[in-house]
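Let me begin by presenting the structure, written as structure tokens, before commenting on it.
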Amino acid sequence: MWSAYDKVLEQLLTSYKQVKIGDPLEKGTLLGPLHTPESRNNFEKGIEGGKVLTGGKAIEGEGNFVEPTKLEISSDAAVVKEELFAPVLYICSKSFEEVVVINNSVPQGLSSSIFTPTGGGREAGSNTCKHTTTINYGNKLPLAQGINFG
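Residue 1 is where the sequence shown starts when you use UniProt numbering, and the numbers rise one by one after that.
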């Protein structure tokens with residue numbers, strides 16, 4: 001039997017594969033290029049030392065395009081407490097309590113969300129911890145731009 005962690009992880013992997021990468025002016029594109037070649041290099045450095053679950057590559061060609069990436073990494077990794085400004089989701093723990101501690105231990109205002117199948121709420125709603133940890137009790141994500149999370 002799968003744990004809730006395994007179910008969420010599988011749904012996230014599926015949703016990341018749906019992200020259309022390309023010209024942000026084209027309809028349906030969800031992920032455009034990073035701002036600079038340095039940002040692309042920071043992306044590559046930012047995923048070192050972790051286990052890539054999906055994505056993890058810079059896309060060859062014109063522009064600073066990278067794949068949306070999910071990465072299992074130690075909560076002690078310095079990059080977990082920094083802003084990468086790239087489409088990377090770090091998975092550091094299977095424990096909600098530890099995630100809240102990690103999120104609240106950084107000096108800047110990070111944002112994180114948890115979604116469950118019952119109740120009401122939305123991204124960046126009123127159910128927040130110190131640095132905008134949101135618990136969404138609904139079954140819809142109105143800001144998801146067409147990505148299917150279910």
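All residues carry an ideal CB built from backbone N, CA and C; glycine is no exception. The model shown is predicted, which means the values in this text are computed figures rather than measured ones.
query, result
"Residue 151 burial status per 10 Å Cβ neighbour count (16 or more: buried)", "Residue 151 lies beyond the stretch modelled for the chain, which goes from 1 to 150, so this question has no answer here."
"Buried or exposed by the 16-neighbour rule on C-beta atoms within 10 Å, applied to Gly46", "buried"
"CB contact below 8 Å: Val52 versus chain C", "Protein chains in the displayed structure number just one, and chain C is not present."
"Nearest candidate by alpha-carbon position, reference Gly63, set Asp23, Gly56, Lys17 and Thr14", "Asp23"
"Pro87 and Leu31 closer than 8 Å at C-beta", "yes"
"Distance between beta carbons of Lys70 and Ile91, contact taken as under 8 Å", "7 Å"
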